[in-house]
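Below is one structure, written out as structure tokens; the observations come after it.
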Amino acid sequence: MRTRTTVRGKRERIFVFARTGIGDIVYTIPALRALRQQFPEAHITIEAGERGHSLLRYCPYVDEVWVRVRPRGLRGKLLSIWNLYRGDFDRAVILDRSDEKTLHTFLARIPKRYGVRKKLFRRLLTASVEWDPNAHDMNDHFRKVVELLGCDTSDWRLELFPDPKAYQSLPEKLTQVGWHGERPLIGINPGASSPERQWLPERYAQVADALQQEGARIVLLGGAGDIPLAETIRRAMRTEPLMLTGKLSLDELIVAISGLDALISGDTGPAHLAAAVGTPVVGLYGATSARRYGPVGEKHVIIDKSTQYESGQARMVAIQVEEVLSAIRSVLDP
Numbered sequence: 132m133r134t135r136t137t138v139r140g141k142r143e144r145i146f147v148f149a150r151t152g153i154g155d156i157v158y159t160i161p162a163l164r165a166l167r168q169q170f171p172e173a174h175i176t177i178e179a180g181e182r183g184h185s186l187l188r189y190c191p192y193v194d195e196v197w198v199r200v201r202p203r204g205l206r207g208k209l210l211s212i213w214n215l216y217r218g219d220f221d222r223a224v225i226l227d228r229s230d231e232k233t234l235h236t237f238l239a240r241i242p243k244r245y246g247v248r249k250k251l252f253r254r255l256l257t258a259s260v261e262w263d264p265n266a267h268d269m270n271d272h273f274r275k276v277v278e279l280l281g282c283d284t285s286d287w288r289l290e291l292f293p294d295p296k297a298y299q300s301l302p303e304k305l306t307q308v309g310w311h312g313e314r315p316l317i318g319i320n321p322g323a324s325s326p327e328r329q330w331l332p333e334r335y336a337q338v339a340d341a342l343q344q345e346g347a348r349i350v351l352l353g354g355a356g357d358i359p360l361a362e363t364i365r366r367a368m369r370t371e372p373l374m375l376t377g378k379l380s381l382d383e384l385i386v387a388i389s390g391l392d393a394l395i396s397g398d399t400g401p402a403h404l405a406a407a408v409g410t411p412v413v414g415l416y417g418a419t420s421a422r423r424y425g426p427v428g429e430k431h432v433i434i435d436k437s438t439q440y441e442s443g444q445a446r447m448v449a450i451q452v453e454e455v456l457s458a459i460r461s462v463l464d465p
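Heads up: the sequence shown begins at 132 in this note's numbering, then just goes up one per residue.
Following this line, the structure appears as structure tokens:
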């Protein structure tokens with residue numbers, strides 16, 4: 132396998148392996164900003180999933196976004212390695228958990244490779260940080276990795292760059308579902324990537340009814356896959372919520388969340404979107420630890436049952452309606 136030579140005066144090329152989740156990308160953006168500040172003339176390419184592409188396409192800190200295609204079989208993996216090699220990258224910043232990504236950057240002959248040190252391929256990294264099981268899985272690890280490249284991480288604020296067209300299309304959709312400017316406007320995002328991370332729909336309904344009876348408006352959010360869950364909540368309610376579940380693009384969801392007075396959510400991407408746009412979150416955590424996976428920021432109120440009981444679902448069941456109502460009231464009237 133031939134080695135690379137460095138061409139004097141060549142624009143440095145940096146490749147970033149991102150994770151695929153929405154929350155992962157939220158915490159990747161500060162890392163990209165730090166890289167851009169440290170390497171202002173570099174060409175920065177990032178590979179992310181389809182949702183990551185949507186979040187990054189207007190990001191000013193990157194030059195190119197690759198959409199990750201899961202490689203099929205040996206041929207697919209070899210093609211991924213070849214694409215990396217052909218990219219002629221000087222550095223690889225590996226924010227993905229996968230040891231395979233470390234191996235790919237090594238086989239692609241990228242000279243400098245940075246990531247989180249794990250057992251399998253840790254010696255393939257040029258510089259690495261120790262995996263800390265007590266740290267915030269994304270925020271803390273990503274920060275430490277880019278510090279390996281000399282980046283200044285004192286500016287680690289979250290920010291998003293939605294499609295500007297979403298600011299024009301969202302108001303009409305809100306009007307269509309019956310919102311006429313009433314406040315406070317509280318979002319509920321009931322879905323999650325796994326059922327054990329979801330709170331009980333009947334309890335969401337009780338919280339929504341209580342808040343609407345107090346004068347708030349509730350809007351149900353989520354993707355197309357969350358429509359059955361949102362309908363279950365709506366049918367269990369005595370009052371009528373605003374239904375935006377499955378009706379928004381990711382860009383519109385960001386804009387919608389930015390206009391909320393608060394968001395009630397479990398461990399899922401929209402909680403991190405809210406943190407990025409400055410919307411307070413009432414976070415419901417049981418199956419996972421809020422300390423490791425929760426939204427970052429001081430305005431949030433987190434109900435964390437992750438150290439109680441043995442199963443994730445039992446921990447979520449331990450979250451009571453009155454706890455959530457108390458939390459949302461404290462957010463609305465600090």
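Beta carbons: idealized from backbone N, C-alpha and C, even for Gly.
Fair warning: this is a prediction, and the values are worked out from it, not measured in the lab.
Sort out for me which residues DSSP pairs Asp435 with in a bridge. Paired residues: Tyr416.
Pick helix, strand or coil for Phe148, following the three-state DSSP scheme. Annotated three-state conformation of Phe148 is strand, per DSSP.
In this structure, does DSSP put Glu303 in helix, strand or coil? Judged by DSSP in its simplified three-state form, Glu303 adopts helix.
Sheet register partners of Gly318 (DSSP bridge): Note: Gly318 sits in a beta bridge opposite Val350 and Leu394.
Going by DSSP, which residues form a beta bridge with Trp197? Beta-bridge partners assigned by DSSP to Trp197: Glu178.
Would you kindly report the start and end of the unbroken alpha helix (DSSP H) that includes Ala223? From DSSP, Ala223 is part of no alpha helix (DSSP H) but of the beta strand (DSSP E) over Arg222 to Ile225.
When the Cα of Arg228 is compared with those of Gly246, Leu238, Tyr216 and Arg217, which residue comes out closest? Here the closest residue by C-alpha is Gly246.
Considering only the beta carbon of each residue, do Ala266 and Arg244 sit closer than 7 Å? The Cβ atoms of Ala266 and Arg244 do not sit closer than 7 Å to each other.
Take the Cβ of Gly353 as the centre, count every other Cβ of all protein chains shown within 10 Å, and call the residue buried at 16 or more, exposed below. Counting Cβ neighbours within 10 Å, Gly353 comes out buried, since at least 16 surround it.
Residues that DSSP places opposite Val386 in a beta bridge: When beta bridges are read from the DSSP output, Val386 appears opposite no residue.
Three or more C-beta pairs under 8 Å: does that hold for the region 447-465 against the region 432-439? For the pair of segments examined, the region 447-465 was found to touch the region 432-439: the number of CB pairs separated by less than 8 Å reaches three.
Cutting at 8 Å between CB atoms, please list the residues of its own chain near Asp271, excluding the five before and the five after it. Within the same chain, Cβ atoms closer than 8 Å to the Cβ of Asp271 are found at Asp263, the five residues on either side in sequence being excluded.
If you follow the beta strand (DSSP E) that Ala259 is in, where does it begin and where does it stop? The residue asked about is misnamed: residue 259 is Ser in this sequence, not Ala. It spans Ala258 to Glu261 - the beta strand (DSSP E) in which Ser259 sits, taken as one unbroken run.
How big is the Cα-Cα spacing for Leu373 and Thr306? Spanning the alpha carbons of Leu373 and Thr306 requires a straight line of approximately 10 Å.
Of all the options Val260, Pro242 and Ala393, which has the alpha carbon lying nearest to the alpha carbon of Lys249? Here the closest residue by C-alpha is Val260.
Proximal residues to Asp268 (C-beta, below 7 Å), its chain only, five neighbours per side dropped: Same-chain partners within the cutoff: Arg423 and Tyr424.
Proximity to Pro293 [Cα-Cα], best of Lys275, Ile160, Val277 and Phe148: The candidate whose alpha carbon is nearest that of Pro293 is Ile160.
Given a threshold of 16 other Cβ atoms within 10 Å of its Cβ, counted over all protein chains shown, does His431 qualify as buried or as exposed? It is buried - the Cβ of His431 has at least 16 other Cβ atoms within 10 Å.
In three-state terms, what does DSSP make of Leu187? Shown here, Leu187 sits in a helix according to DSSP, grouped into three states.
Check the DSSP bridge columns for Leu289 and list the partner residues they point to. DSSP lists no partner for Leu289.
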